[in-house]
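The block underneath contains the structure these notes are about, expressed in structure tokens.
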Amino acid sequence: MAETLFHCDDVLWRRFVTLCRARDETPGAVLRELVRLEVQRCERRRARSAEGIDERLLVRLRLLVAEALAVSEDWAQVQGALRERGLRYVPSGGGLVLSDFASGRSLAKSSQVGPAYMALVRRFGRGFPGHPQPGIAAQALARP
């Protein structure tokens, strides 16, 4: 096992040691677990980006979304314009994904090909119809 020395603020270290004692764990054990989790997180992120979307497809999707948004003043119009282009927005997590209309296959997050969900909410003045997290739209509309 490698031995590592690092510098840390005294007050922060004392607070960390206190937390470890409260959990009946050594600082070393907690730090080893944190390092393991961080390496695992980075490997997952790298794997996701390796299977990332083709840049040429993204450019084409950006153009199609921009065309649809240029002629739309609300969610129904943007969905109709996307449908004419074989696409549609679908709620996903806290935002939207752009999907193939016929197959339903997800192609990209809305923020990869155009405005992010919160920007679209502000633009259209309301959340995406049927979005499972209406609180996100309320947040977007509450901000100036």
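If you read the sequence shown in my numbering, its first letter stands for residue 61, the second for the next number, and so on. Where a beta carbon is used, it is the ideal one built from N, C-alpha and C, also for glycine. Treat the numbers as computed from the prediction; the structure is a model and nothing was measured.
| query | result |
| --- | --- |
| Within 8 Å, strictly: CB atoms of S170 and L156 | yes |
| The stretch 83-95 in contact with the stretch 120-136 per 3-pair CB rule at 8 Å | no |
| Per-residue burial, F66 [other beta carbons within 10 Å of its own, 16 or more giving buried] | exposed |
| Option in V181, F188, S159 with minimal Cα separation from V173 | S159 |
| Counted within 10 angstroms of its Cβ, other Cβ atoms place V125 as buried (16 or more) or exposed | buried |
| Distance CB(R182)-CB(F161) smaller than 8 Å | no |
| V173 (DSSP reduced to helix, strand or coil) | helix |
| Proximity below 8 Å, CB of A197 to CB of R186 | yes |
| Three-state secondary structure (DSSP) of P87 | helix |
| Nearest neighbour of G190, chosen from L97, R116, G154 [CA to CA] | G154 |
| Opening and closing residue of the beta strand (DSSP E) in which P151 lies | 147-152 |
| Cutoff 8 Å; reference P175; Cβ partners in own chain excluding five residues on either side | L129, R183 |
| Span of the beta strand (DSSP E), counted from its first residue to its last, around L156 | 155-160 |
| Assigned exposure category for M61 - 16 Cβ within 10 Å defines buried | exposed |
| Minimum C-alpha distance to A179 - residue among D84, A200, S163 | A200 |
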